[in-house]
Structures are given as structure tokens and as C-alpha cells.
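Let me begin by presenting the structure, written as C-alpha cells, before commenting on it.
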Amino acid sequence: MAVEPHTWHVLIVEDDQRLAELTRDYLQSHGLRVNIEGDGALASARIIAEQPD
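If you use full-length UniProt numbering, the sequence shown closes out at 53, no skipped numbers anywhere.
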């Protein structure tokens, strides 16, 4: 039985949307799962809910 490789989950916290999207696109092109939040309060809630790596 084959074991599925782990897909890394990254949360980018960046208030510059253009920079965040550029970084997200780069990381996704290398196989990572990426979410973006624009401020710390929203990021804290997402960290609790999704527990990125």
C-alpha cells in the first residue's frame, strides 16, 4: 500500500495583496497548499481553524 506524500500547508500573512499573491503563486507552483490573510487577527483565526504547517 502506497503512502501519500504530505502536502505542506502554508499561511501567508501580508498586507500587500500583490506581494502575497506573487508569493502564493510561486509556492503553489512547487506543490504547496497556500492561504493568504491580510492581517494578524484574521491570520490567528485561520491558524486555529486550519493549523497550517
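Just so it is clear, CB atoms sit at the ideal spot from N, CA and C, and this is done for glycine as well.
- Going by beta carbons, Asp39 and Asp15 fall inside the 8 Å limit.
- In the DSSP assignment, Glu50 falls within the unbroken alpha helix (DSSP H) covering 40 to 50.
- Check the Cα spacing between Ala20 and each of His30, Glu37, Leu32: the tightest is with Glu37.
- Residue environment: Val34 is assigned as buried (16 or more neighbouring CB atoms within 10 Å of its CB, all protein chains considered).
- Where Leu19 is concerned, there is no enclosing beta strand (DSSP E), although the alpha helix (DSSP H) around it starts and stops at 17 to 29.
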